[in-house]
Amino acid sequence: MEIIRGILAIFIAVSLLLYNSSNVEGRSRYHKPKNKRSKNTEPPASPTPHDAPDPQSPTAPSSPSNSPSIPSDPYPNDPGNTSSDYIFNVMDYGAVGDGSTDDTNAFRQAWKEACGVESGVILAPSGYSFMITSTIFSGPCKPGIVFRVDGGLMPPDGPDSWPEKDSTQQWLVFYRLDGMTLTGEGTIEGNGEKWWDLPCKPHRGPNGSTSKGPCVSPALIRFFMSSNLEVSGLKIQNSPQFHMKFDGCEGVLIKKLSISSPKLSPNTDGIHIENTKAVGIYDSFISNGDDCISIGTGCSNVDIDGLTCGPSHGISIGSLGVHNSQACVSNITVRNTIIKESDDGLRIKTWQGGTGCVSDINFENIQMENVRNCIIIDQYYCLSKACQNETSAVYVTGVTYRNIKGTYDVRTPPIHFACSDTVACTNILLSEVELLPEEGELVDDPFCWNAYGTQETVTIPPINCLREGEPEGLREISSYGC
């Protein structure tokens with residue numbers, strides 16, 4: 109009997125040992141930076157994995173299959189769940205998060221450690237407001253770094269509070285990064301009001317006058333020389349100047365953003381891209397004092413889908429060719445978009461004297477609501493009355509307007525094609541364009557100058573000034589291509 113009891117005791121002990129071993133191996137690991145105690149009780153959410161845009165691909169990132177055709181309101185912030193083992197909470201590095209203490213050093217230290225591990229997450233947790241000064245977060249970093257803002261993040265309040273040693277041209281800069289994500293459920297507040305009030309801003313001053321002298325305001329967020337980027341979920345507002353800029357980037361996915369500033373805030377473009385390729389902008393809301401999206405030279409393969417834009421200055425390609433420069437823009441698509449209460453709708457603007465080409469531009473399924481200059485090509489763009497006529501221009505060709513409907517502000521004609529005297533616009537296509545006055549009588553005199561194209565359907569208002577065929581000297585025009 110004693111032998112049997114001994115055997116049973118050994119069996120039970122071995123079974124307990126195997127059970128505990130199995131449980132230990134099955135537990136998930138949560139690594140904290142350098143044994144610092146995290147103030148959050150569980151890992152925060154981060155974006156779900158996605159296929160980063162291929163920089164070699166000729167097409168922009170695909171639109172999400174479940175995106176509604178025309179959103180009318182900002183989409184809910186839903187950036188997904190975090191699976192990263194490495195969470196670098198800025199509170200663990202001395203951040204206070206009271207909205208007035210300078211927390212810059214805490215963010216820099218958290219970035220430094222997160223940059224050195226794969227899939228590191230810099231976390232600005234909810235319930236706090238962090239003030240940081242102008243900072244460059246540079247790479248290269250290990251793959252998959254995430255900058256997550258769940259609380260509030262802001263710069264110093266106005267030019268008088270801006271440190272003298274800091275650049276007044278930019279606030280947050282992300283430089284030389286590959287595979288980075290900026291996301292979260294929080295708000296990035298630009299504190300732009302005191303910058304807009306500077307006396308050299310064009311809408312300020314007695315009787316509309318302005319003061320002479322430079323007036324540089326910082327862009328809020330800038331991505332520079334980076335690739336395979338994602339920006340999603342955030343609320344970004346009241347930037348001193350451009351809310352978000354992409355310079356020299358390739359492979360950019362932007363989705364479910366809300367960007368806003370007052371209608372009269374100067375130069376507060378929502379998203380500006382230049383020298384950037386393979387860009388997808390999806391399911392976002394932008395309301396501001398300048399262009400919702402502005403597309404500069406060197407951009408190609410840009411896909412915009414599901415945007416609600418306005419009040420604003422609409423969606424602009426340009427301005428291009430300033431100071432006799434060459435500008436090249438190609439393969440731009442804007443579809444399933446609302447533009448409302450805006451000074452411009454779909455605009456292409458170039459300076460005289462430039463060279464290069466704007467080609468393969470497609471605007472499709474656009475709803476206009478009380479918009480001035482709904483459809484405009486302006487090759488005489490000028491910011492003063494001193495611009496002289498020049499013989500060269502950026503060549504505009506292959507622009508399609510399909511299913512553009514809604515209402516316009518009768519103060520200006522809804523369709524305006526002002527092309528260069530010497531470099532005509534060619535291959536303009538209009539199909540199912542129906543624009544009616546928001547108030548008042550129909551403006552039935554669309555403007556055309558040296559513009560060539562065709563109409564697949566009858567346009568409302570009727571447009572009879574578009575020339576058929578091709579201009580003489582098209583071979584010489586072709587030399588303007590990029």
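Under the numbering used here, residues 109 to 590 are what the sequence shown spells out, in order.
For each residue, glycine too, the CB sits at the ideal point set by N, CA and C.
Nearest to residue 275 by C-alpha distance, out of 237, 327 and 302, is 327. In this structure, the alpha-carbon of residue 200 lies about 25 Å from that of residue 283.
The straight-line gap separating the alpha-carbon atoms of residue 466 and residue 559 is approximately 14 Å. Scanning its chain for C-beta atoms nearer than 7 Å, with the 5 sequence neighbours on each side dropped, one finds no residue around residue 492.
Looking at the DSSP output, residue 289 sits in a beta bridge with 254 and 338. CA-CA distance, residue 226 to residue 256, rounds to 15 Å. For residue 557, no alpha helix (DSSP H) run applies; the uninterrupted beta strand (DSSP E) run containing it begins and ends at 555 to 557, by DSSP. Cβ atoms of residue 437 and residue 412 stay farther apart than 8 Å, at about 13 Å.
At the C-beta level, residue 483 and residue 527 stay beyond 8 Å of one another. Sequence-distant partners of residue 515 (beyond 5 residues in either direction) whose C-beta falls short of 8 Å from its own C-beta, in its chain, are 476, 477, 478, 479, 543, 544, 545 and 546. Close CB contacts of residue 396 within its chain, under the 6 Å cut and outside five residues either way in sequence, are with 369, 376, 378 and 420 (chain order). Per DSSP, residue 295 is one residue of the beta strand (DSSP E) stretching across 295 to 297. Inclusion of residue 541 and residue 520 in the CB contact set at 8 Å is not warranted, their separation being larger than that value. The beta carbon of residue 417 sits closer than 6 Å to those of 394, 400 and 447, all from its chain and outside the five residues before and after it, given in chain order. Contact annotation: the stretch 242 to 254 does not touch the stretch 201 to 210, with fewer than three C-beta pairs closer than 8 Å. If you look at residue 301, you'll find it isn't in any beta strand (DSSP E); it sits in the alpha helix (DSSP H) that goes 301 to 304.
With respect to residue 230, residue 212 sits apart: the two C-beta atoms are not nearer than 8 Å. Here the C-alpha atom of residue 373 lies approximately 44 Å from the C-alpha atom of residue 581. Within the same chain, and ignoring the five residues on either side of residue 506 in sequence, the residues whose Cβ sits closer than 7 Å to its Cβ are 467, 468, 469 and 535. Contact between residue 498 and residue 537 does not hold, since their C-beta atoms are separated by about 28 Å, which reaches or exceeds 8 Å.
The distance from the Cβ of residue 588 to that of residue 531 is about 6 Å, consistent with a contact at the 8 Å cut-off.
Under the DSSP assignment, residue 216 falls in the alpha helix (DSSP H) whose first and last residues are 212 to 223. In this structure residue 570 is exposed. Its beta-carbon is surrounded by fewer than 16 other beta-carbon atoms within 10 angstroms.
Under the three-state reduction of DSSP, residue 502 is assigned to coil, being neither helix nor strand. Within 10 angstroms of the beta-carbon of residue 432 lie fewer than 16 other beta-carbons, which makes it exposed. Residue state for residue 432 is assigned as helix, using DSSP reduced to three classes.
Closest in C-alpha terms to residue 217, from the list 557, 362, 196 and 306, comes 196. Closest in C-alpha terms to residue 348, from the list 242, 456 and 355, comes 242. Classified as exposed, residue 305 has fewer than 16 neighbouring CB atoms from the shown chains inside 10 Å of its CB. Between the alpha carbons of residue 362 and residue 548 lies a gap of roughly 39 Å.
Pairing residue 440 with residue 410, the inter-Cα distance amounts to about 5 Å.
By the neighbour-count definition (other C-beta atoms within 10 Å, threshold 16), residue 335 is a buried residue. In the three-state reduction of the DSSP assignment, residue 488 falls in the coil class. Taking each of 554, 427 and 435 in turn and checking the Cα distance to residue 489, the smallest one comes out for 427. Within the model, the alpha-carbon separation for residue 590 versus residue 356 is close to 18 Å. According to the DSSP secondary-structure assignment, residue 382 is paired through a beta bridge with 355.
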